[in-house]
Amino acid sequence: MQNRGIYPERPPTLAEALYSGKKFNKPENGDEILERLGLPPTSSVPQKKEEAPRRNLKKEPKKEPKKEKKTEIKQVVKQVDAHLDAPLPDTSESKIHAQFIKPEECEAVLNLQMDYILKRKSDMIKFIFRSRFFMSLFFLLLSAVSYNRIGEYFNPYTMKDPFSLLKNGYFLDDLFILFFQVLLFIAISFTWLRIVSAPLEKESKKVAENAEQYFGCDIKQYASVKNVNKPRKEDRDLVKQVKENTYCINYRDVPVAFLATTPGKEVKIVGFAVRRVYIKAELLKDLLGMMFKSGVRKAEVELFNFEEFDIGIFRKIGFTRTKREKFSKWWILTGVTRDTYSFDMDDIEF
-3 MQNRGIYPER
7 PPTLAEALYS
17 GKKFNKPENG
27 DEILERLGLP
37 PTSSVPQKKE
47 EAPRRNLKKE
57 PKKEPKKEKK
67 TEIKQVVKQV
77 DAHLDAPLPD
87 TSESKIHAQF
97 IKPEECEAVL
107 NLQMDYILKR
117 KSDMIKFIFR
127 SRFFMSLFFL
137 LLSAVSYNRI
147 GEYFNPYTMK
157 DPFSLLKNGY
167 FLDDLFILFF
177 QVLLFIAISF
187 TWLRIVSAPL
197 EKESKKVAEN
207 AEQYFGCDIK
217 QYASVKNVNK
227 PRKEDRDLVK
237 QVKENTYCIN
247 YRDVPVAFLA
257 TTPGKEVKIV
267 GFAVRRVYIK
277 AELLKDLLGM
287 MFKSGVRKAE
297 VELFNFEEFD
307 IGIFRKIGFT
317 RTKREKFSKW
327 WILTGVTRDT
337 YSFDMDDIEF
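All residue numbers in the sequence shown are consecutive under this note's numbering, ending with 346.
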């Protein structure tokens, strides 16, 4: 058989489309054409109605909004201003007394700890800059840069009249360039010092966030205790811990030094700070005396090797270095270490 091929489907005629109910574009003379063919007009032909979409008659259960859990926010008692950037108030009596940290002093001791860590940062920069290794390396590189730029101008001929170099335009140009190179070198050096000391600056900014790390307890919750003599049932253990493990020296009703330890007779000093003006007064020594009077037998503390004044006080009391760790990957260049000093009452011979 001859293959006739496959032909596309024939489109419907106007009449077929009309009576099948299919949609089509009606020509302007459509009714006239139908009349000639002997067919009724389109207005009399019933059109198929489109079925409306069925609605889901099932009632969906109403979702009740989730009830938010109410968190009880405890109101903090009125706090004492630490006056770190200003002299102590003259309105209070010039009396000094020592006791545990009170709830109204929590913000003041937090700020005192932050300021003391920033002091460590500045002491660290001074320690590195004054170290023999850094100073030797600094001046060695500075001399190399200077010699590379203007070293050739200094020879036996020019040394006969050194001021003649000031008339040399090439020398003045190189001297001008050297001046900016030295400034750039100094800026890079101080930027590096800032990078090395950045961990301490970061630590100072997170004191409030990590307050428990420096006080051994939830100092923020303690700040809401209104009466330490008659605390609420849920605050009794917290108040007891603060009374037994924190020591604070006040002057003119403002905390000027504090020390905090872990609970027990074998403790670790987790935080301490002294107002900068009173560091030389050795208030830290008085705080340690208060700690040992409370019955502590063993104690340890971590100090940086550049905290020479504080280390001297701990050594006077009887602390000895038992451990040394590198502070950072820059240890070879900086020489900064974090040392552990320990004290054991049983090792003391009377």
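Glycine included, each C-beta is placed from N, C-alpha and C at the ideal position.
Taking every protein chain shown into account, the CB of I92 has fewer than 16 other CB atoms within 10 angstroms, so this residue is exposed. Taking C-alpha positions only, V72 is separated from Y247 by approximately 23 Å. Using a 10 angstroms sphere on the CB of Y218, the tally of other CB atoms reaches 16 or more, which defines it as buried. Counting of Cβ neighbours within 10 angstroms places M131 among the exposed residues, the total staying below 16. A82 and I215 have their alpha carbons spaced roughly 25 Å apart.
For the segment 93 to 126, the full-length alpha helix (DSSP H) segments reaching 4 residues or more read 102 to 126 along the chain. In the DSSP assignment, I245 falls outside any alpha helix (DSSP H) and within the unbroken beta strand (DSSP E) covering T242 to Y247. The criterion of a C-beta distance shorter than 8 Å is not satisfied by F123 and F305. In this structure, F175 sits away from L137, with a CB-CB distance that is not shorter than 8 Å. The DSSP-derived three-state label of S132 is helix. Under the criterion of beta carbons closer than 8 Å, K239 and F129 do not qualify as touching, at roughly 47 Å. Excluding residues up to 5 positions away in sequence, E296 and T318 lie with their Cβ nearer than 6 Å to the Cβ of S338 in the same chain. Taking 3 residues as the minimum length, the beta strand (DSSP E) runs contained wholly in the segment 230 to 281 are 242 to 247, 250 to 257 and 262 to 270, in order along the chain.
Classified as buried, G212 has 16 or more neighbouring CB atoms from the shown chains inside 10 Å of its CB. DSSP places R190 in the helix class (H, G or I) of the three-state scheme. Nearest to M286 by alpha-carbon distance, out of L299, I245 and S220, is I245.
Contact check for V250 against L84 passes: the beta carbons are separated by less than 8 Å.
Judged by DSSP in its simplified three-state form, F315 adopts coil rather than helix or strand.
Note on geometry: alpha-carbon atoms of L106 and A183 lie some 33 Å from one another. Restricting attention to L284, V273 and I328, the CA atom closest to the CA of A78 is found in V273.
For the 8 Å CB-CB criterion, V266 and Q209 form a contact. The residue among S90, W326, M110 and D27 with its C-alpha nearest the C-alpha of F254 is M110. By the Cβ-count criterion, T257 is buried, with 16 or more other Cβ atoms from all chains shown falling within 10 Å of its own Cβ. L162 sits exposed, since fewer than 16 C-beta atoms from the chains shown fall within 10 Å of its C-beta.
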